[in-house]
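Protein sequence lines correspond, in order, to chains A and B.
The first sequence runs 21 to 496 under my numbering.
The second sequence runs 157 to 526 under my numbering.
Even for Gly, the Cβ is constructed at its ideal location relative to N, Cα and C.
Note that this is a predicted model, so its numbers are computed, not measured.
Below is one structure, written out as structure tokens; comments come after it.
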Amino acid sequence: MMDLIKDFLANVEFFFVFYLIGYSTFLFISVVVGASVLYRNRYLEKMKNELKHDYYVPVSVIVPAHNEEVTVVDTVCSLLQLDYKLYEVLVVDDGSTDQTSQRLIEAFNLIETQRPIRRQVPCKKQKAIYEREIHGIRVTLIVKENGGKADALNMGINASRFPYFVCMDADSMLQRDSLEYAVRPLLESDEVIAVGGLVRISNGVTLENGKVKHYHLPSNPLICMQILEYDRSFLTSRILMDQYNGNLIISGAFGLFKKDLVITVGGYDRNTMGEDMELVTKLHVFCRAHDIPYAIRYAPDAICWSQAPSTLLDLTKQRRRWHIGLFQSLTKYRRLFLNVKYGFVSLISYFYYLLYELFSPYIELFGLLTIALAWVTNLINYPFVVYFYLVYACFSGVLTLVAFFSRIHTQNLTISLLDVIKAIGLCLFEIIFLRLYLSTVRMLALFSYRKRKNHWEAITRTANNPAVTVKEGSEK
Amino acid sequence: MRIHIRAEALVFVYMVICFSILLFNLFAIGKNHVRERFIEKRRRQWLTRIEQQLACQDCSRDKKEQHRRLLNRKLRYLVELIAYQQAAAELQVHQPEELYAYLKQYRDCFVQVAFQLTRKDLVTQAYVVYVIGQFRLLNAGFEDELTRLVLQILLHNSVYCRENAFQALVASGNPQSVTQAVLLLSRNEIQHSQKLISDDLLRFPGDQNALAQQLWQRMDELTPVYQCALINYFRMVGPQFAELLFARLNDPRQDPEIHFAVLRYLRRWPDPQAYPLLLELLQDESRSWEYAALAASALDSYPGSQTIECLKQGLHSRFWHVRYNSAQALLNLHVPLAQMQDILTGPDRYAREILEYKLKENEGREGTAG
């Protein structure tokens with residue numbers, strides 16, 4: 021029996037060594053590539069290697085909203101201040117039970133119209149439509165029956181007038197130049213069908229007229245840790261995947277899409293919680309299956325400021341939703357699993373998300389159980405376990421700091437010494453505690469998945485930046 | 157145990173590299189800081205020097221030679237060129253004509269610098285052609301060696317090289333070199349955004365009409381993508397191509413995208429010859445819906461009872477965009493409400509809804525304007 025356990029533990033050990041080497045290598049490469057791409061972007065800008073034009077692609081900005089009375093007016097105000105020539109704003113109120121619509125109607129003097137909507141992708145019925153042109157930008161509010169975020173986005177697609185649309189969250193604010201940066205990849209190549217923007221945490225940032233006035237790490241350590249996590253995990257990995265056209269996620273908080281192709285694939289899937297990932301994966305599958313040359317790009321200079329959950333409960337809800345969405349997308353497109361036909365999208369991106377995102381909590385649990393088994397059978401090498409864990413934690417901490425400081429430096433932000441100390445201290449804390457906690461949340465997410473399908477999560481919002489105001493009659 | 161050691165070793169190697177990146181971050185921050193201070197210092201120096209040159213157009217030959225030698229010696233270094241460009245850009249705002257005259261005087265220096273620096277990487281090449289464009293250094297004849305250099309860079313595999321080179325050629329005000337550039341891009345099947353091409357052409361500082369005529373002469377040598385870009389540009393230039401473009405609309409061998417661009421042109425610059433065809437296109441459901449939708453839009457530039465009747469028919473189309481554009485065109489033509497009563501009280505719900513919506517939208521707009 022003991023021999024059997026020894027053999028088992030040896031195999032487990034062998035698996036974990038390779039698992040961790042794989043993960044460390046991915047993180048390492050993504051941080052190195054991410055940092056170098058950020059530096060190169062700044063260099064290109066300084067050397068006037070940029071497409072700066074007044075005449076751009078017309079874009080519809082779709083804002084799905086559900087019980088967003090606290091933030092929705094600020095969000096629309098910030099959208100009216102974008103440095104962009106031709107766009108419209110569509111807010112889709114998905115059956116809010118609060119004053120979301122009323123706040124918008126009053127703030128922008130919207131007028132009810134009988135606008136017919138061309139149904140090209142499925143969505144629930146509209147109850148009322150309000151419109152008005154403000155400084156040459158058409159603002160439309162569509163009040164509809166509750167159907168979930170994907171349903172609201174589909175309604176936005178149906179009602180949009182322009183050939184490209186941007187999806188964003190109602191609690192987010194686009195930086196003034198974000199649309200310009202998001203559109204640039206479209207001008208670089210006709211094959212670009214979607215562009216993902218960089219979602220950054222707005223807590224602790226003062227925005228004035230869509231520009232960053234002050235930047236500092238917030239006092240809430242939970243949000244600080246999320247900032248570090250975003251830089252290490254999301255920013256750098258998306259830049260890396262962008263190098264081989266392999267991004268499987270464009271965040272729902274800020275993504276730009278070619279409308280006709282999205283309509284061709286049926287729009288957002290209303291039966292999934294991770295509609296953003298599902299759409300991007302579907303576009304990959306569709307274009308490759310039909311031999312359509314395409315590119316899905318990531319624009320780290322197109323910045324969207326979004327509120328991070330400030331309590332552990334809200335963070336738990338958010339991550340549970342993300343994990344269920346990940347599960348739904350990966351299982352729906354399981355044909356991508358190690359399928360050479362889909363190239364690096366399958367062999368690297370899909371495999372990474374499957375092994376290191378979807379399965380990781382279960383693999384980690386399995387690891388903990390084997391440690392327990394080794395402890396029971398007295399086969400554990402304590403000094404080595406502690407030593408290895410510390411090495412791994414230090415390594416992750418260093419990677420986090422590299423990603424964080426590269427981003428701070430290349431985006432011309434300045435932070436105080438206190439923020440530097442905070443970042444160094446919290447990066448280890450994030451790895452040791454937050455990651456473990458989130459791993460548990462993700463592990464339990466799938467158990468409640470059936471119950472939570474197609475529901476908007478209620479997350480506590482605080483008002484967006486008060487510095488964002490639009491004066492009637494003032495120039496855009 | 158052997159695997160443990162290897163895994164640790166690998167993680168240690170990664171960690172060392174990451175520390176190096178952190179150090180690189182610090183080094184890069186320091187280096188950038190020093191470099192920016194250096195460029196700023198140099199920019200101020202160049203500003204004084206150029207201002208002195210602008211102030212004394214009748215300077216002694218010695219002084220001019222001294223300045224020429226300085227330009228030749230310094231500008232071959234990229235940082236010096238960056239500082240120089242920043243200083244000159246500042247003067248360009250307030251004294252553009254004086255600056256261009258000064259730059260023309262020392263043009264040979266810039267030609268030399270351009271040939272030296274364009275041996276470097278694509279990023280530097282794109283920057284050099286940007287400087288050439290910004291300071292309109294390509295104002296010489298077509299056979300000029302600098303123009304040939306820019307035309308070469310235009311074909312490089314970098315969107316920034318292409319765009320900056322094309323902008324430089326446009327800024328030259330020479331229709332021949334711009335035409336040559338478009339031909340080269342098309343012949344080499346280089347993909348460059350239509351929007352960028354037509355937008356750049358509109359910045360042409362010389363005679364737009366002469367440029368448009370030159371481009372028209374070579375239209376048939378271009379791929380449909382470039383033809384569309386040019387038709388979009390012609391649309392902003394004037395009505396002189398209406399008849400010629402109408403012939404293309406009549407030609408079924410032409411790419412549909414060209415037909416669509418022509419329809420947009422004929423909306424802005426109406427041509428009586430096109431009128432019957434536009435009416436036909438709006439009613440013809442055998443073609444793709446884009447033809448009918450664009451014809452409906454174009455018809456708002458062709459007032460008349462036949463137009464109104466045809467647009468009213470368009471309101472019954474099974475295509476959303478045809479109905480939408482027909483309704484918009486009827487309103488743009490200020491058709492009296494009484495003349496649209498049959499639609500507003502008629503049995504076609506789709507036609508009624510779109511017209512009602514457009515009428516209400518129009519009312520709202522007029523109310524806001526009032």
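Interface flag, residue 276 of chain B vs chain A, CB-CB below 8 Å: Residue numbering aside, residue 276 of chain B sits at position 120 when the second sequence is read from its first letter. No - not a single Cβ of chain A is within 8 Å of the one on residue 276 of chain B.
Stretch-stretch touch, CB-based, cutoff 8 Å, three pairs: the stretch 264-271 of chain A with the stretch 298-312 of chain A: yes
Length-filtered (4 minimum) alpha helix (DSSP H) runs lying within the stretch 250-291 of chain A: 256-262, 279-284
Cβ separation of residue 155 of chain A and residue 185 of chain B, assumed to be a contact under 8 Å, to the nearest whole Å: Within the first sequence, residue 155 of chain A is the residue found at index 135, counting from 1. Within the second sequence, residue 185 of chain B is the residue found at index 29, counting from 1. Contact doesn't hold; Cβ gap of about 40 Å is too wide.
Meets three-Cβ-pair contact criterion under 8 Å: the stretch 185-202 of chain A and the stretch 246-260 of chain A: no
Length of the line joining the Cα atoms of residue 57 of chain A and residue 424 of chain A: Locating residue 57 of chain A in the first sequence gives position 37, counting from the first residue. Locating residue 424 of chain A in the first sequence gives position 404, counting from the first residue. If you take the alpha carbons of residue 57 of chain A and residue 424 of chain A, they lie about 14 Å apart.
In chain order, each alpha helix (DSSP H) run of at least 4 residues that lies wholly inside the stretch 370-439 of chain B: 380-393, 398-406, 412-424, 431-439
Residues bridged to residue 444 of chain A (per DSSP): Position 424 of the first sequence holds residue 444 of chain A. Note: residue 444 of chain A sits in no beta bridge, so no partner.
Touch test, the stretch 342-352 of chain A against the stretch 233-249 of chain A, Cβ-Cβ under 8 Å, three pairs minimum: no
Chain B within 8 Å of residue 201 of chain A, Cβ atoms only: The sequence position of residue 201 of chain A within the first sequence is 181, counting from 1. With 8 Å as the cut-off, residue 201 of chain A does not count as an interface residue toward chain B.
Chain A contacts made by the stretch 296-321 of chain B, where a contact means CB separation under 9 Å: 314, 315, 316, 317, 319, 320
Every unbroken beta strand (DSSP E) within the stretch 80-135 of chain A, with a cutoff of 3 residues, ordered by chain: 107-114, 131-133
Other residues of its chain near residue 491 of chain A: CB distance less than 8 Å, five sequence neighbours each side excluded: Position 471 of the first sequence, counting from 1, holds the residue named residue 491 of chain A. At residue 491 of chain A, the pLDDT of 35 sits below 50, so the modelled position is not reliable and the matter cannot be decided from this model.
Beta-bridge pairing of residue 188 of chain A - partner residues as DSSP gives them: As a position in the first sequence, residue 188 of chain A is number 168, starting the count at 1. Looking at the DSSP assignment, residue 188 of chain A forms a beta bridge with A:274.
Alpha-carbon spacing of residue 287 of chain B relative to residue 241 of chain B, whole angstroms: For this step, residue 287 of chain B is matched to residue 131 along the second sequence. For this step, residue 241 of chain B is matched to residue 85 along the second sequence. Their Cα atoms are separated by approximately 7 Å.
8 Å Cβ shell around residue 262 of chain B - same chain, five flanking residues per side excluded: On the second sequence, position 106 is the one that residue 262 of chain B refers to. 223, 224, 227, listed in sequence order.
Residue 421 of chain A classed as buried or exposed, judged by whether at least 16 other C-beta atoms fall within 10 angstroms: Here residue 421 of chain A corresponds to residue number 401 of the first sequence, with the count starting at 1. Flag for residue 421 of chain A reads buried.
Amino acids of chain B, ordered along the chain, whose beta-carbon sits closer than 8 Å to that of residue 210 of chain A: The residue labelled residue 210 of chain A in the question sits at position 190 within the first sequence. Ordered by position in chain B, the residues that pass the 8 Å Cβ test against residue 210 of chain A are 347, 349.
Beta carbon proximity, residue 338 of chain B to chain A, threshold 8 Å: As a working note, residue 338 of chain B is residue 182 in the second sequence. So, not an interface residue.
Contact under 8 Å by Cβ, residue 54 of chain A with residue 248 of chain A: Reading the first sequence from its first residue, position 34 is the one you call residue 54 of chain A. Reading the first sequence from its first residue, position 228 is the one you call residue 248 of chain A. Going by C-beta atoms, residue 54 of chain A is not nearer than 8 Å to residue 248 of chain A.
Under 8 Å between C-beta atoms of residue 137 of chain A and residue 520 of chain B: The count along the first sequence starts at 1 and reaches residue 137 of chain A at position 117. The count along the second sequence starts at 1 and reaches residue 520 of chain B at position 364. No, they are not a contact pair.
Residue 279 of chain B: contacting residues in chain A (beta-carbon distance under 8 Å): On the second sequence, residue 279 of chain B is found 123 positions in, with the first residue counted as 1. Neighbours of residue 279 of chain B on chain A, chain order: 63, 64, 67, 69.
Three-state class that DSSP yields for residue 138 of chain B in the structure shown: Shown here, chain B extends from 157 to 526; a query on residue 138 of chain B therefore has no answer.
DSSP bridge partner residues for residue 160 of chain A (one or two, in chain order): If you number the first sequence from 1, residue 160 of chain A lands on position 140. A:110, A:151, per the DSSP bridge assignment.
Neighbour list for residue 175 of chain B in chain A, Cβ cutoff strictly below 7 Å: By one-based count along the second sequence, residue 175 of chain B stands at place 19. Under the 7 Å cutoff, chain A gives 418.
Span separating the alpha-carbon of residue 322 of chain B from that of residue 294 of chain A: Locating residue 322 of chain B in the second sequence gives position 166, where the first residue counts as 1. Locating residue 294 of chain A in the first sequence gives position 274, where the first residue counts as 1. Straight-line Cα distance between these residues: approximately 43 Å.
Proximity of residue 338 of chain B and residue 382 of chain B at Cβ, strictly below 8 Å: Position 182 of the second sequence holds residue 338 of chain B. Position 226 of the second sequence holds residue 382 of chain B. For residue 338 of chain B and residue 382 of chain B, yes; Cβs fall inside 8 Å.
Chain B contacts made by the stretch 120-150 of chain A, where a contact means CB separation under 7 Å: 131, 133, 134, 135, 136, 138
Cross-strand partners of residue 234 of chain A (DSSP beta bridge): Position 214 of the first sequence, counted from the start, is the residue given in the question as residue 234 of chain A. Its beta-bridge partners are A:226.
Cut-off 6 Å between Cβ atoms - residues of its own chain near residue 443 of chain A, not counting five sequence neighbours on either side: Reading the first sequence from its first residue, position 423 is the one you call residue 443 of chain A. Here the set comprises 424.
Sequence-distant residues of the same chain with beta carbon closer than 8 Å to residue 96 of chain A, five excluded per side: Position 76 of the first sequence holds residue 96 of chain A. Around residue 96 of chain A: 83, 109, 111, 124, 127, 128, 159.
Chain B contact for residue 52 of chain A (CB, 8 Å cutoff): Counting from 1 along the first sequence, the entry for residue 52 of chain A is found at position 32. Yes, its Cβ sits closer than 8 Å to a Cβ of chain B.
is_contact[residue 526 of chain B, chain A] using C-beta, thresh 8 Å: As a first step, residue 526 of chain B is located in the second sequence; it is residue number 370 there, counting from the start. Residue confidence for residue 526 of chain B is low, a pLDDT of 45 falling below 50, so the modelled location carries little weight; the figure read from the coordinates is stated next. No, its Cβ sits nowhere closer than 8 Å to a Cβ of chain A.
CA-to-CA distance, residue 39 of chain A to residue 25 of chain A, given in whole angstroms: In the first sequence, counting from the first residue as 1, residue 25 of chain A sits at position 5. In the first sequence, counting from the first residue as 1, residue 39 of chain A sits at position 19. For residue 25 of chain A and residue 39 of chain A, the distance between alpha carbons rounds to 21 Å.
Rounded Cβ spacing between residue 59 of chain A and residue 81 of chain A (contact assumed at less than 8 Å): Reading the first sequence from its first residue, position 39 is the one you call residue 59 of chain A. Reading the first sequence from its first residue, position 61 is the one you call residue 81 of chain A. With 8 Å as the limit, residue 59 of chain A and residue 81 of chain A do not qualify as a contact, their Cβ atoms being about 30 Å apart.
Members of the stretch 179-195 of chain A that neighbour chain B once the beta carbon cut-off is set at 7 Å: none
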